[in-house]
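K.L.:
Questions regarding the structure given below will be posed in turn.
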Amino acid sequence: MTNREESVFFRKIKPCIEKYMPCYSPSSSSSKECEIQFESTFELSYGNSGFRDKYKATGCELLNVFNKCGILVGLLFIKYNYERAIRYNLFHYSFEEGKNVIHHKLLNNLKHKIRWKNVGIIITASHNAHDENGVKIIDQNGRQINELYENYLSELVNKHLRYLKKNKKCIIDDIVHDIINFIAQFFKEEINIDIYDNEIFNNINKLDNIIHYCNVNNVLKGNVCIGFDTRTSSIHLNNIIIETLNSLNIYKCINNMCYVTTPCMHFIVYFFNEIFIDQKLDTEVVKDEKYVIHKKKGDLNYMNNFHIQETKSIMDLYYFGREIKQNNSSYDSLKNHNDEEETDLKNKFHKFKDHLQMENYCPSEGNKLHHRNWHHLVAHNSDRIYYDYFIRSFEKLYNYINEIFNDILKKNCKEEIIYVDCSNGIASLKLDNFHDIFKILKKKIIKINFLQDEKSVLNFHCGADYVYRKRKIPRNGIKLIQNPKTKLCSFDGDADRVVYLYVNDTLPASLKEKKEEIAREIISTEGVGKNEGVPLHGNVNCVAILDGPKIICLFFKCIAKMLSHVEVKKKCQNEGSGKNGPNEPNTLSKPKEQNEQPEERKKIDINIIHTAYVNSAFINHINEEKNFANKNIELFRHINVNIICTKTGIKHLDNMARKSTIAILFEPNGHGSIYTNLQELNDWSIHLCIQNDRYFVALKNFLLFFNQTSGDAIVDFIAIELSLTFLNLTINDWDQFFTPLPSLYINLPCPKYVLDNIIPHPDHEKYLIKPQGLQNRIDKIVFEIDPTHGRCFIRPSGTEILLRIYAEAQTLRQRDHILDKVKQALLQYIHETDMCSSHES
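58 is the number that UniProt numbering gives to position 58 of the sequence shown; each next residue is one higher, with no gaps.
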């Protein structure tokens with residue numbers, strides 16, 4: 001044995017790696033004469049939203065994926081906090097052997113000063129089928145991990161296959177050792193530590209203890225935060241992450257948040273790391289001394305209202321950090337804590353002894369639960385801060401708009417029922433937390449597909465993706481929206497997408513086509529029922545879907561309206577003087593004279609960010625809105641409105657948004673948000689002397705209401721309802737912004753080696769750069785069928801082994817003709833590629 005193999009790190013990580021290695025044969029051979037073969041030779045990639053795959057309790061690729069993701073999220077947690085511990089010389093603290101008690105007085109002085117960092121990991125496959133699952137890692141800034149970590153993780157997950165390709169004659173130990181060395185190498189590159197060194201590896205355990213001690217005594221916590229949606233496989237996968245973190249000597253700083261929306265997890269990591277640092281975050285909530293952020297004994301009471309499997313296991317994870325194999329005495333001890341301990345966290349901190357007993361516990365080792373359950377709860381935050389923060393932010397925005405716009409929201413608010421399709425996902429459990437906002441807006445929310453019984457299956461004939469992609473009404477929705485005034489909105493499984501639908505009782509002239517063409521759009525869903533189908537382009541009982549592009553247009557109108565009231569002064573007078581805002585709203589500021597030259601002043605960008613899947617009618621409409629604003633709203637002299645197409649995947653839109661002063665970013669599927677660079681916006685306002693203008697302040701409040709870290713279905717839903725009220729629009733008014741051309745995308749299974757040769761444009765994917773001959777065929781087909789309005793592009797899926805084909809045209813018949821012809825051209829190309837490969841072989 002080498003020294004490395006004798007190290008504590010190696011001995012702890014090796015059995016964990018072996019346990020979750022993908023299935024292979026021969027399983028018991030130690031001879032290099034028998035070549036190892038893994039059941040699956042397909043490499044998984046970290047797609048636009050992490051890894052996703054089918055779940056099986058044993059032998060599936062996901063187990064290996066979660067094991068490796070646990071390693072990366074553990075590395076990030078250590079990386080962001082290890083240097084802080086060195087800076088304050090914390091690793092020199094002594095621990096009393098056997099009792100593990102911190103003695104150093106300096107730590108007590110530092111515990112409130114050190115800001116420990118959080119990272120997150122969310123277990124979800126979003127809109128995918130209920131028998132699939134996936135994982136996404138959230139970096140310290142609340143955003144997705146960067147490309148470096150994506151590539152590292154893809155390498156780590158596929159390391160067994162890549163090693164085997166280079167080393168045909170090897171045993172499984174060789175592969176495991178190669179994986180462990182790769183992990184150790186990355187620790188060296190990223191943190192500059194030799195994890196094989198037992199002293200350094202023990203320092204990670206010390207770091208875990210120290211941060212946990214500070215967590216108990218501080219309002220703001222530092223943890224690896226783990227959460228999931230409503231998939232039953234999530235508990236098993238959550239435990240794999242815990243076990244993997246344990247193998248890295250992280251035991252206590254694991255916050256099992258259990259049921260949490262994906263955008264909530266993004267926000268929580270961002271909030272706890274950046275509060276009091278990032279000026280975009282409102283600090284008022286946490287300044288309240290009576291406000292409690294940590295977990296409490298009644299946090300999961302809401303589960304009693306839903307049909308949830310594995311309730312006991314979820315409670316174990318949430319309250320105790322692992323599954324308890326004992327009786328319910330643990331819950332009894334939890335209930336014995338008095339209310340005084342819960343109501344005032346800061347007062348409670350003063351009651352803790354300076355020398356706090358801190359036991360190591362490890363789920364895999366079956367250690368007994370420590371007797372101070374309270375310590376475990378106060379060391380970990382709940383998701384309550386997310387809901388309280390946005391409720392407070394909404395109330396502030398609502399009241400301010402009413403104040404300066406003469407009670408416009410109070411006057412325009414109408415009592416209304418909105419049906420919300422929760423896709424039997426996480427929104428089922430969490431939407432009710434915003435009840436106070438819906439009450440202010442006079443909206444009665446009635447949920448459908450919300451885990452009400454054993455027939456409630458995640459994403460089965462419901463959810464935002466089902467509505468958007470299939471162009472169908474969700475299950476249990478058809479009988480509810482017969483009235484043209486009835487609204488229904490749909491979320492996806494992890495609540496980061498939202499789309500609206502309603503009955504459109506007016507048929508646009510452009511859609512009056514033959515009955516047989518409209519009939520193609522009739523829903524005929526197996527298992528849903530004969531009466532669950534309606535045409536999507538028609539007259540009475542015709543359903544209109546309002547997706548990402550319509551949401552962009554709505555929000556842009558709100559922004560333009562607020563900016564139109566801002567008074568631009570020709571010369572800055574006293575920048576420190578009182579409010580510059582007018583007493584009466586000036587709906588449209590003075591238009592530009594034809595020959596008038598605008599004053600040279602600082603400009604900001606408002607970027608409208610979309611993907612190639614948006615309908616061309618949207619591009620035409622948003623250009624009209626842009627031109628109108630440039631011509632009629634004076635402040636738009638100092639604004640550049642840019643319409644930008646990016647690659648598919650919210651991370652690409654998000655990367656572009658970070659380069660903007662204001663960005664409205666949405667994918668057509670309803671995934672998006674508004675991002676604001678507050679520093680640039682403030683600098684611009686000071687330059688124009690509008691920083692104190694009431695309408696500019698209202699605009700800032702509106703922009704900062706949005707989740708700055710991720711697309712957020714529930715927050716977007718609230719913002720949409722607020723915007724419709726502010727603009728005094730019905731859903732029909734909103735839908736009439738533009739009439740989309742008939743469009744559709746279909747999937748075509750395609751061999752991996754063929755996919756690798758099909759390369760779209762790297763910036764926007766509107767056409768192929770390789771193979772050029774295939775792109776020429778597509779262009780010719782479109783030109784022959786609809787040279788004026790026709791459009792078609794293809795791109796490899798980022799998560800599945802298939803091609804996506806998108807087409808739009810002036811009529812349904814033309815659209816379908818384009819799709820059929822392009823599909824045939826692709827099948828021919830695949831056949832030709834196969835023939836070439838066979839000939840070369």
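Beta carbons: idealized from backbone N, C-alpha and C, even for Gly.
Could you give the C-beta distance for I17 and V176, rounded to a whole number, given that I count them as a contact under 8 angstroms?
P.N.:
That pair is a contact at about 5 angstroms.
K.L.:
When you compare the CB positions of N255 and N205, do they come within less than 7 angstroms of one another, or not?
P.N.:
No; because the gap between Cβ atoms is not below 7 angstroms, this pair is not in contact.
K.L.:
Would you identify the three-state DSSP class for E18, choosing helix, strand or coil?
P.N.:
DSSP places E18 in helix when its eight states are reduced to three.
K.L.:
For H294, does the three-state DSSP call read helix, strand or coil?
P.N.:
Three-state DSSP puts H294 in a strand.
K.L.:
Count the other CB atoms within 10 Å of the CB of H160; is the residue buried (16 or more) or exposed (fewer)?
P.N.:
Label assigned to H160: buried.
K.L.:
For a test of the three-state rule: what should DSSP assign to H610, helix, strand or coil?
P.N.:
In the structure shown, H610 sits in a strand (DSSP, three-state: E or B).
K.L.:
Taking DSSP's pairing of strands, which residues face D299 in a bridge?
P.N.:
Beta-bridge pairing links D299 to no other residue.
K.L.:
So, for N218: in the same chain, excluding its five sequence neighbours on each side, which residues have a beta-carbon less than 7 angstroms away from its beta-carbon?
P.N.:
Around N218: K111 and H112.
K.L.:
Let me make sure I understand the geometry here. Which of L699, I385, Y806 and D288 has the alpha-carbon closest to that of P742?
P.N.:
For P742, the nearest C-alpha among the options comes from Y806.
K.L.:
Restricting to Cα atoms, I'd like to know which of F636, Y318 and L748 is closest to C824.
P.N.:
According to the sequence shown, residue 824 is Gln rather than Cys. Per the Cα distances, L748.
K.L.:
Return the chain-ordered list of same chain residues with a C-beta closer than 8 angstroms to the C-beta of S616, the five sequence neighbours on each side being excluded.
P.N.:
Same-chain partners within the cutoff: L741, H789, R791 and E808.
K.L.:
Given this structure, state the Cα-to-Cα distance separating R4 from I191, to the nearest angstrom.
P.N.:
When rounded, the distance between both Cα atoms is 18 angstroms.
K.L.:
Any chance you could list the beta strand (DSSP E) runs of at least 3 consecutive residues sitting entirely within the region 630–665, in chain order?
P.N.:
DSSP runs (the beta strand (DSSP E)) wholly in the region 630–665: 639–646.
K.L.:
Using CA atoms only, rank isn't needed, just tell me which of K168, G798 and D496 is closest to N669.
P.N.:
That would be D496, whose Cα lies nearest to the Cα of N669.
K.L.:
Could you check the C-alpha separation between L164 and F636 for me, to the nearest Å?
P.N.:
Rounded to whole angstroms, L164 to F636 spans 60 angstroms at the Cα level.
K.L.:
From V8 to F201, what does the alpha carbon distance come to, in whole angstroms?
P.N.:
Those two C-alpha atoms are separated by around 7 angstroms.
K.L.:
Going by DSSP, which residues form a beta bridge with L802?
P.N.:
Answer is P749, bridged to L802.
K.L.:
For the beta strand (DSSP E) containing I254, name the first residue and the last one.
P.N.:
Residues I254 to Y259.
K.L.:
In chain order, what are the residue ranges of uninterrupted alpha helix (DSSP H) at least 4 long that sit wholly in the region 421–464?
P.N.:
As far as the region 421–464 is concerned, its whole alpha helix (DSSP H) runs of at least 4 residues are 427–430 and 435–440.
K.L.:
Kindly list the residues whose CB is nearer than 7 angstroms to the CB of Y88, restricted to its own chain and excluding five residues on each side of it in sequence; keep chain order.
P.N.:
Excluding sequence neighbours, Y88 sits near L110 and I114.
K.L.:
Does DSSP classify N776 as helix, strand or coil?
P.N.:
It is helical.
K.L.:
What does DSSP give as the partner residue(s) for G50 in the beta ladder?
P.N.:
The partner list for G50 (beta bridge, DSSP) reads G47 and N48.
K.L.:
Between which two residues does the alpha helix (DSSP H) harbouring residue 880 extend?
P.N.:
Past the edges of the chain, shown from 1 to 841, lies residue 880, and the structure says nothing about it.
K.L.:
When DSSP labels each residue in this structure, what does F491 get in the three-state scheme?
P.N.:
Looking at F491 - three-state DSSP - the assignment turns out to be strand.
K.L.:
Give every residue of the same chain whose Cβ lies closer than 7 angstroms to the Cβ of F702, excluding the five residues on either side of it in the sequence, and list them in chain order.
P.N.:
Closer than 7 angstroms at Cβ, skipping near neighbours: L397, C558 and M562.
K.L.:
Buried or exposed for G578, please, with buried defined as at least 16 other CB atoms from any protein chain shown within 10 angstroms of its CB.
P.N.:
With a pLDDT of only 42 at G578, under the threshold of 50, the placement of this residue in the model should not be trusted; the figure read from the coordinates follows. With fewer than 16 Cβ atoms within 10 Å of its Cβ, G578 is classed as exposed.
K.L.:
When DSSP labels each residue in this structure, what does L41 get in the three-state scheme?
P.N.:
The identity of residue 41 in the sequence shown is Thr, whereas the question assumes Leu. Note: T41 maps to coil in three-state DSSP.
K.L.:
So for C23, helix, strand or coil by DSSP?
P.N.:
Note: C23 maps to coil in three-state DSSP.
K.L.:
Let's see if you can read the secondary structure: which residues bound the alpha helix (DSSP H) around E567?
P.N.:
Premise fails: E567 is in no alpha helix (DSSP H) and is neither H nor E.
K.L.:
Determine the burial state of L148: buried for a count of at least 16 other Cβ atoms within 10 Å of its Cβ, exposed for fewer.
P.N.:
That one is exposed.
K.L.:
What's the C-alpha gap between P760 and V614?
P.N.:
Approximately 16 angstroms between the Cα atoms of the pair.
K.L.:
Let me know if M835 comes out buried or exposed under the rule of 16 or more other beta-carbons within 10 Å of its beta-carbon.
P.N.:
Exposed, because fewer than 16 other Cβ atoms sit within 10 Å of the Cβ of M835.
K.L.:
On the CB-based measure, 16 or more other CB atoms within 10 Å of its CB, does K430 come out buried or exposed?
P.N.:
K430 is buried by the Cβ-count criterion.
K.L.:
Taking the beta strand (DSSP E) that N246 falls in, what are its first and last residues?
P.N.:
From DSSP, N246 is part of no beta strand (DSSP E) but of the alpha helix (DSSP H) over S234 to S247.
K.L.:
Mind checking which residues open and close the beta strand (DSSP E) that includes K136?
P.N.:
Start and end: E132 to I138.
K.L.:
Please report the Cβ distance between L156 and I71, rounded to the nearest whole angstrom; I am assuming they are in contact, meaning their Cβ atoms lie under 8 angstroms.
P.N.:
Yes, they are in contact, since the Cβ atoms of L156 and I71 sit about 7 angstroms apart, within 8 angstroms.
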